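Heads up: the sequence lines are chains A and B, in that order.
Residue numbering for the first sequence follows my numbering, starting at 217 and increasing by one per position.
Residue numbering for the second sequence follows my numbering, starting at 217 and increasing by one per position.
Taking it in order: structure first as structure tokens, then the write-up.
Protein chains: 2
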Amino acid sequence: MTDKRTKIHRPKPENARGFRDIAGNYLHRRLGAIKILSEIYQSYGFEALETPVLEYADSLGKFLPDIDRPAGGVFGFKDDDDQWLAMRYDLTAPLARFFAKNAQFLPRPYKRYQVGSVFRNEKPGPGRFREFTQFDADTVDTANIAADSELCLMLSQGLNALGIETSDVKININNRKLLTAVLEISGLAGDDEHITNQRGIALRAIDKLDRLGENGVRLLLGKGRKDESGDFTDGANLSDAQADLILGFTHAKGLDNHKTLNNLHDLVKDSEIGLCGISELEQMMTILDGVSGNKNFILEPSTVRGLGYYTGPVFEAELTFDVPNDKGQIVQFGSVAGGGRYDELVKRFTGQEVPAVGVSIGLDRLLSALEAKNLIQNNIIKPSVLITVMDKESMVEYVKIANQLRQNGMCVDLYVGDAGMKAQMKYADKRNSTLAVIQGSDERTLGRVIVKDLQFRNRYGDNAPDGIEQQIICNLSGITETVNAMLKRGSI
Amino acid sequence: MTDKRTKIHRPKPENARGFRDIAGNYLHRRLGAIKILSEIYQSYGFEALETPVLEYADSLGKFLPDIDRPAGGVFGFKDDDDQWLAMRYDLTAPLARFFAKNAQFLPRPYKRYQVGSVFRNEKPGPGRFREFTQFDADTVDTANIAADSELCLMLSQGLNALGIETSDVKININNRKLLTAVLEISGLAGDDEHITNQRGIALRAIDKLDRLGENGVRLLLGKGRKDESGDFTDGANLSDAQADLILGFTHAKGLDNHKTLNNLHDLVKDSEIGLCGISELEQMMTILDGVSGNKNFILEPSTVRGLGYYTGPVFEAELTFDVPNDKGQIVQFGSVAGGGRYDELVKRFTGQEVPAVGVSIGLDRLLSALEAKNLIQNNIIKPSVLITVMDKESMVEYVKIANQLRQNGMCVDLYVGDAGMKAQMKYADKRNSTLAVIQGSDERTLGRVIVKDLQFRNRYGDNAPDGIEQQIICNLSGITETVNAMLKRGSI
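Below you can see the structure in the form of structure tokens.
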């Protein structure tokens, strides 16, 4: 039964389940967006930080948004010294660890931004990956609400810098203290486990107002809700009166921010935490309305942000332009970033209250938005010049041409394969090269090159203006000028 | 025995063993270096790529440099579907997987660069981390040696762009085919397990020539070697005659590249693979010597690069300026990057030979070099202006001042803490702010601000030139000009 032919094992060249590669133009536009946002954040005095991908599981804690499954969601394993390691699932938990470790050396408040991969050990789905990129900014160790306002302004300016018009952005603002007050008034106060659980369900229910509508949320506040697939989600089992109170809160929006504040004031009555929340929102709106001429900072009582750890102001950036959804319906683009104030994360380590506020941009959502609006397409990838190779033995000459053009700031791709001119033109096509430089032995003898416009048809169709040629023969000494002029031809 | 006081568990805010945070000025200089190198690589026609941190363990394979321990070195764990996942240990194995997966869609040759964290499950030590950053460029699917030359040129230009002088850089070049020829001639040819093992030990021994000297390497080629700590490393058990032949190869360097080639020719005699290696080096040197006016591309027969998978030209960038080592001795800085040609990595998946060549920069080594030469210090972090807050109730005014300066391209840090002016000055100190803007109620009434030069003493010591004041009072309308002028004062 033995067979001497050993079969060679060939692994399949696949991504692991739920992971993906990011490449080509999409990646270059992404890097462009990161660059633009980083510059804005730096101009606000935020420093970069990079924490490791792996942390002690213990120090990350369990702050996943989905508090239905507090034990799941994280990639973890045991190190060889028997300690549990976990891959970071967000950038906030590592920041809390970093701050607790280095507080004495850091300027306080500490302002930092971080962009990086985070990992969720969850069931992947279409557009739902187990590694994705967050772009966070946080201000740690200040209770001053000016920090919250600053993040909202910076977020708004960052989106503008990417080319998104102010009229297409709403920054929705609310305060979790108000919701706490309303929950208190409706009888959901305290640390009792049952109540805590009910509160969690209620918060997540309100967060789904957009998607489920008032009736859906009412079901979740009550007995529970069966979704379209037939799956049943347990409800908070609140009474109708309790549900009315809570839903009343989400209706508190008035015709302008001032009216909304008045409505909220009526709702929280003399609740201490409620009045504190009102005062914080007043401070934020004084700055935001006072500084920005535009009116896109909006008090929005239905914004709660599901994350369990928020304790004060919460906010999100919502893009209001229309896009087709998966079903072809026209919908508003929706949220691309969100954040808020959290006071407990550092305390886990030190026991001391360290108030902090942060905002996180979901980079892939943001990129989809930029794609939908056709933004940062052209200014990221420079047009490129392909140096074709007619005679391999003259490679030195081709490299010299390439270097000369690079020294003049151009992106130059030298063909380093082994195939002939036809394959090289196909290569240029795949690379979307703008121009090709060609030199055969005849041209070389005469000290000349041919520069060919590979986008000629895209630029002009069948109607090139008089005097505009698809290819130009020039002296080697004039190649930089010729290439420059051809790169500047009409847009592609 | 029950105790109702539950002790709160407080995790220590520590990095996991062997991991670290990267922050502050160091990180900003690092990001600056990445930006500069990325631009150079893009100007050579290399595209960015990002592959995920996690891959199927199977598709990464086992290509760790330390082939003593082929099973170790990787962080791996089982996914919930029972497949083994591993964190990438370099960027080359994922590239091979990516290329095998996407070959039909990619331009070929495929030129890509990738910068990212890689993970090694090894014992950490001083300066030796379990997560570190590599900056790789590879050209996949070409046997044309022009690709190898291009990487050497690009690497050299990249180092120049970071400010490292050409006279401080040597690119050492060799060809593994020559070593294979010499090993063949000395009787170490073939796939026999014992011979393969001897060959591996011999390669690693030669790679240590710099560190151990000829005698140390001779011991490793023979019976083995006891190091200073008393640890014994097994040798390849070659005869003296075999060792002479191999060590002769490492002595083949002549006074110039031409003489070295002649010496190598004598050594490999009529070995087919040896002559092929000579021809490849000739092609590389024709391009490198022909294109670059400088003479820092050097044929160096003792350069082998330990990595098992190299099959052709290998090269490394060595920085030749002096630095003190750990013991205070003055030594040459040494290698910051290396690479070479590998032909087997993609074949693992597809069965087809896909020749490729790549180079990898160790970013942290490179940063140490830049630090030692005091490079890219100033052009990375912009000088910053701190807007101090004297009256919190006038926050709107301070935010407006900050925005006005930002709109003129400055980095402006608004103080968003709750402390008084004294603490704010300490904050400025920790942030290394360049200027502070101060406005109390008196100034506000008069529409003025005070701009204070926080680097006054650093700039001028006790001898400020006449007319240069530490602080200037100006009208709000003139603040941009005043701040600009003060930022441009003598270097700090």
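From the three backbone atoms N, C-alpha and C, an ideal C-beta is built for every residue, glycine too.
Here the structure is a predicted model, which means the values were calculated and not measured.
I want to verify the contact list: residues of chain A whose CB lies under 7 Å from the CB of residue i, in sequence order.
i, result
"B/TYR525", "Going along chain A, no residue has its Cβ under 7 Å from B/TYR525, so there is no contact; the nearest lies around 16 Å."
"B/ALA359", "ASP634"
"B/MET611", "ALA362, ILE503"
"B/SER333", "VAL269"
"B/ARG313", "PRO229"
Just to make sure I have the definition right: I need the residues of chain B whose C-beta is within less than 8 Å of the C-beta of residue i. Which are they?
i, result
"A/GLY663", "None at all; the shortest Cβ gap to chain B is about 17 Å."
"A/VAL615", "ALA362, SER365, GLU366, LEU369, ILE503, GLY506, VAL507"
"A/CYS690", "In chain order: nothing, as chain B lies at least about 21 Å away."
Can you pull the chain A neighbours of residue i, defined as C-beta to C-beta under 8 Å?
i, result
"B/ASN619", "LEU369, VAL507"
"B/GLY567", "ILE224, ARG226"
"B/LEU630", "TYR260, GLY261, ALA362, GLU366"
Show which residues of chain B have a CB atom less than 7 Å away from the CB atom of residue i.
i, result
"A/THR267", "ASP237"
"A/SER600", "GLY261"
Could you round the C-beta distance between residue i and residue j to whole angstroms and report it? I think they count as a contact, below 8 Å.
i, j, result
"B/LEU265", "A/ASP237", "7 Å"
"B/ASN388", "B/GLU534", "6 Å"
"B/TYR305", "B/PHE262", "The pair is not a contact, with the Cβ atoms about 22 Å apart (cut-off 8 Å)."
"A/VAL573", "A/LEU621", "Wrong, their Cβ atoms sit about 49 Å apart, outside the cutoff."
"A/LYS704", "A/GLN687", "Contact flag wrong, Cβ pair sits at about 16 Å."
"B/ARG346", "B/ASN360", "Contact doesn't hold; Cβ gap of about 37 Å is too wide."
"A/THR358", "B/ASP634", "6 Å"
"A/THR355", "B/VAL632", "6 Å"
"B/PHE335", "B/MET303", "4 Å"
"B/ARG233", "A/ASP297", "7 Å"
"B/GLY374", "B/ILE256", "5 Å"
Can you list, in chain order, the residues of its chain whose CB lies under 7 Å from that of residue i, leaving out five sequence neighbours each side?
i, result
"B/ASN691", "GLY663, ARG664"
"B/SER275", "ARG313"
"A/PRO540", "ILE546"
"A/GLY490", "LYS393, LEU394, ALA397, VAL484"
"B/ASN624", "THR696"
"A/GLY440", "PHE448, THR449, ASP450, GLY451"
Excluding sequence positions up to five away, which residues of its chain have a Cβ less than 8 Å from the Cβ of residue i?
i, result
"A/LYS469", "THR476, ASN479, LEU515, GLU516, PRO517, SER518"
"A/ILE380", "LEU535, ALA585, LEU586, LYS589, LEU591"
"A/LYS424", "GLY432, VAL433, LEU436"
"B/ALA362", "GLN499, ILE503"
"A/THR382", "SER372, ASN376, ASN510, ASN512"
With burial defined as no fewer than 16 other Cβ atoms inside 10 Å of the residue's Cβ, what is the status of residue i: buried or exposed?
i, result
"B/VAL575", "buried"
"A/LEU630", "buried"
"B/GLY506", "exposed"
"A/ILE546", "exposed"
"B/ASN473", "buried"
"A/SER657", "exposed"
"B/LEU471", "exposed"
"A/GLY718", "This structure gives no information on residue 718 of chain A, because the portion of chain A shown stretches from 217 to 708."
"A/SER508", "buried"
"A/GLN640", "buried"
"A/GLY493", "buried"
"B/PRO681", "exposed"
"B/PRO323", "buried"
Could you tell me which chain B residues have their CB closer than 9 Å to the CB of residue i, listed as they occur along the chain?
i, result
"A/ARG441", "The contacting residues do not exist; A/ARG441 stays about 28 Å from chain B at best."
"A/ARG622", "ILE256, SER259, TYR260, GLN373"
What in chain A is Cβ-close to residue i, meaning under 9 Å?
i, result
"B/TYR643", "PRO323, ARG324, PRO325"
"B/TYR272", "PRO227, LYS228, GLU230, ASN231, ALA232, ARG233"
"B/LYS589", "Correct list: empty, because the minimum Cβ distance to chain A is about 22 Å."
"B/LYS317", "LYS228, PRO229, GLU230, ASN231, ASP237"
Quick check: does the Cβ of residue i come within less than 6 Å of any heavy atom belonging to the ligand SAM?
i, result
"B/GLY528", "No copy of the ligand SAM occurs in the structure displayed, which carries no ligand at all."
Excluding sequence positions up to five away, which residues of its chain have a Cβ less than 6 Å from the Cβ of residue i?
i, result
"A/GLN548", "THR536"
"B/ILE417", "ALA452"
**Report entry** Members of the segment 493-518 of chain B that neighbour chain A once the beta carbon cut-off is set at 7 Å
**Finding:** THR502, ILE503, GLY506, VAL507
Report task. Select from the segment 467-488 of chain B all residues with a C-beta closer than 8 Å to any C-beta belonging to chain A, and list them in chain order. Result -> none
**Report entry** Positions along the segment 238-253 of chain B whose CB lies within less than 7 Å of some CB in chain A
**Finding:** ILE238, ALA239, GLY240, LEU243, HIS244, LEU247
Query - Cβ-based contacts, 7 Å cut-off: residues of the segment 338-360 of chain B near chain A - result: GLU347, THR355, THR358, ALA359, ASN360
Query raised in the report: What residues from the segment 547-580 of chain A come within 8 Å of chain B, judged by C-beta to C-beta, listed N to C?
Result: ARG564, PHE565, THR566, GLY567
Query - Members of the segment 645-662 of chain A that neighbour chain B once the beta carbon cut-off is set at 7 Å - result: LYS646, ARG647
Report task. Output, in sequence order along the chain, the residues in the segment 379-413 of chain A whose CB is closer than 8 Å to any CB in chain B. Result -> none
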